[in-house]
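Per our numbering, residue 618 is the first one in the sequence shown, and the count goes up by one each step. Don't be surprised by glycine CBs; every beta carbon is placed ideally from N, CA and C. Bear in mind the structure is a predicted one, so any value in this text is a computation, not a measurement.
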Amino acid sequence: MTEKKGTYYITTPIYYPSSNLHIGHTYCTVMVDAMARFKKLCGYDVRFLTGADEHGQKIQTIAEEKGVTPQAYVDEVVAGIKDLWKTMEIDYDDFIRTTDERHVKRVQAIFNKMYEKGDIYKGEYEGMYCTPCESFWTESQLVDGCCPDCGRPVQKAKEEAYFFKLSKYEDRLVDLLENTDFLTPEARRNEMLGFIRQGLDDLCISRTSFDWGIQVPTDPKHVIYVWLDALTNYITALGYPDDMELFNKYWPADVHLVGKEIVRFHSIIWPAILMSLDLPLPKRVIGHGWLLLEGGKMSKSKGNVVDPVTLIDRYGIDALKYFLLREYTFGQDGVFTNEVMLKRMNYDLANDLGNLVSRTVSMIEKYCGGIVPEAYIEDEFDKDLRAIATGAAAKVEEQMDKFAFNMALEEIWVVVRRANKYIDEKTPWILAKDEAKKKELDTVMHNLAETIRIISILIYPFMHTTSEKIRKQMGLWYAEVVWEDASTFDMMYQEQVKKGDAIFPRLDIEKEIEELEKLQKSAKEPAEENIPLELKPEIEYDDFDKIDFRVGLIEKAEKHPKADKLLVFQVKMGTERRQIVSGVAEDFKPEEMVGQKVIVVANLKPRKLRGLESKGMLLFAENGKRCEIVTTSAPDGEAVN
Ligand code: MSP
């Protein structure tokens, strides 16, 4: 058993449920998952947090466009996100949603604490707001008049608002970035220092122009700025400030892994919030690069996203995870192409690793009756293989310390390739022909089995299913995977190997590229769907024929004296004038209705609405939460059939 080494708390960003997640989000989560599994295997008490960032104007607008409540909208997308992580066997310990009650009440408590400390004050905000990024900008920060983060247009915003005294923490933030390893990579650190040195404005942390957010506890017409809401997830998920057990155990976080575009929030605003709360700061914020597609950032709205599920369905979780972790240099942007992915899968997985395992198992079955033999002699090739295999774990640890997943996997593949070369050097099929070389042959089989055992441990954090498959074939199914065992040789004794299916099938790259392009294209252009609407029960023509629809001209409109939601219309239909009351005061000003020609249900039985008679009904179409008037240019009084 590995001895316990203390705690390790690691987080992903909490993703916006503005649409389904794509391979870019998957990339970040796969890195955190691999790191969490690695640290666990090394003996740490790991906590891995992920979640969803569900408030804000953007989500509210999307939900409105879809005609559902924001809560119903996020519930559906978040269920999809959780499904994706389940499909990918992402082993998180907690999934926080910013709509969770536990989070909402804790964010409010945090707001109060900062207010009581004197770090939050009320003022008036006037500036530019980027809705997609949920960010305020000053004029001078804009690039060509657009949001400096995403390049999209910004809107003028002015409102009464609460402010956080970010400027108060300027010196401490400079010190943090300049004199510690808080933020990597280096390039980001310099960028952030430059940003702070321009001078930090106090940060507007409340909005009144929409309501999909957490209310300021003492002033509920304000909702708390989404980034204050979102960033605090890292501590509210641990119970701060009312249930401190997990918090005391795991805080400060060891690593927040985030994409480069949100480093600013994590390395300036987040530490300042923690300083205001007098809490320890996370040990590290690490910014990773982007996966690009055809030179651009993936974006659902541009229709250029890669769906991880398509790839998993075809190639399996481990192949995709291996590719993401092996191909890209951590911290830098990288381009995703099907061809590069398929080549990695074929060369590294099917050829190098898959071949090594299947050749070795076949040979042990053929030459040793399926039982792993002992080693008897040692020449320079044996020595070299042993040294490389047992030395790899330390090198992997070194690379993982730097989050260099690609290099960690490269170190493991040095062993894989060395073992394949060893087979070529030792030519066991020739040794097998000579009875006198039996001990040498046994030694070769032993050393290969041992090397594969070590590889099965080394790859475990990155591809645990593949590791388990290999261990099963090697007769190691009974043994626990222990990291320290990767640095020791000669641990196997008479295990019974058993050939199984190829751990990675070989792919016909050209055919696969063609197939993938077809799949990805059809995902971009979804077939036109024809899903029947949910309607009220069917009626007979006679039922319909009972309704007398007429064109009506609105001559007068005013607010109902006793009901905020009702408008009172005077409607002319040919020779007749009558009063109709409708519940649309929230959507229309009375004056904009005058002169409109509308459709009236003219023979509806009259009734009184808050004391005023309403004779008939006007038709409106629903557009999200709002109503739209249904108009016509036909003469008033005419029938509508
Ligand atoms: N909700 C905020 C984060 C709040 S954290 C307190 C947010 N969400 S997001 O859905 O836009 O996700 C951003 C993260 O997803 C990035 O920081 C990055 O980790 C990952 N990625 C999204 N697109 C990506 C690529 N194209 N490439 C790599 N990672 C990408 O920002």
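- Less than 9 Å divides the Cβ of residue 698 from the Cβ of residue 638.
- With contacts defined as CB atoms closer than 9 Å, residue 644 and residue 1133 fail to qualify as a contacting pair.
- Comparing alpha-carbon positions, the option among 1233, 1229 and 1100 lying closest to residue 1165 turns out to be 1233.
- Per DSSP, the unbroken alpha helix (DSSP H) holding residue 1046 starts and ends at 1045–1048.
- Assignment of beta strand (DSSP E) within the stretch 839–903, counting only whole runs of 3 or more residues, yields 872–876 in chain order.
- The beta carbon of residue 946 lies closer than 7 Å to those of 1023 in the same chain, with the five residues before and after it left out.
- For ligand 1, a non-hydrogen atom lies closer than 8 Å to the CB of residue 878.
- Shown here, residue 1053 sits in a helix according to DSSP, grouped into three states.
- Exclusion of the five residues before and after residue 670 leaves 631, 633, 715 and 847 as the residues of its chain whose Cβ lies within less than 6 Å of its Cβ.
- Of all C-beta pairs linking the stretch 795–803 to the stretch 756–770, fewer than three are shorter than 8 Å, placing the two stretches out of contact.
- If you check the C-beta of residue 882 against ligand 1, you find a heavy atom less than 8 Å away.
- With respect to the C-alpha of residue 1118, the residue from 967, 1180, 674 and 962 having the closest C-alpha is 967.
- For residue 663, the uninterrupted beta strand (DSSP E) run begins and ends at 662–669, by DSSP.
- For residue 1173, same chain residues with a beta-carbon under 6 Å away, outside a window of 5 residues either side, are 1187 in chain order.
- For residue 937, the enclosing alpha helix (DSSP H) begins and ends at 934–944.
- For ligand 1, a non-hydrogen atom lies closer than 8 Å to the CB of residue 630.
- The straight-line gap separating the alpha-carbon atoms of residue 977 and residue 676 is approximately 54 Å.
- For the 9 Å CB-CB criterion, residue 998 and residue 903 do not form a contact.
- Taking residue 625 as the centre and dropping the five residues before and after it, the same chain places the C-beta of 656, 661, 663 and 871 closer than 6 Å to its C-beta, in chain order.
- Ligand 1 never approaches residue 754 closely enough for any of its heavy atoms to be under 8 Å from the residue's Cβ.
- Spanning the alpha carbons of residue 1177 and residue 888 requires a straight line of approximately 52 Å.
- A residue is called buried once 16 or more other Cβ atoms fall within 10 Å of its Cβ, and residue 963 is buried on that count.
- Every alpha helix (DSSP H) stretch that sits fully inside the stretch 778–841 and reaches 4 residues is listed by chain position as 787–796 and 803–814.
- Look at residue 844: its beta carbon is less than 8 Å from one of the heavy atoms in ligand 1.
- Relative to ligand 1, the nearest heavy atom lies less than 8 Å away from the CB of residue 907.
- DSSP lists 1189 and 1214 as the beta-bridge partner residues of residue 1170.
- With fewer than 16 other Cβ atoms inside 10 Å of its own Cβ, residue 1161 counts as exposed.
- Judged by DSSP secondary structure, residue 1231 falls within the beta strand (DSSP E) whose first and last residues are 1229–1231.
- The residue from 1060, 809, 1216 and 1185 with its alpha-carbon nearest to that of residue 991 is 1060.
- DSSP places residue 636 outside both helix and strand once states are collapsed to three, so it counts as coil.
- Within the chosen limit of 8 Å, ligand 1 does not reach the beta carbon of residue 898 with any heavy atom.
- For residue 764, the distance from the CB to the nearest heavy atom of ligand 1 is not below 8 Å.
- Put simply, the stretch 747–767 does not touch the stretch 688–708. Fewer than three CB pairs are less than 8 Å apart.
- Taking a contact as a CB-CB distance under 8 Å, the pair residue 751 and residue 816 does not count as one, their CB atoms being some 22 Å apart.
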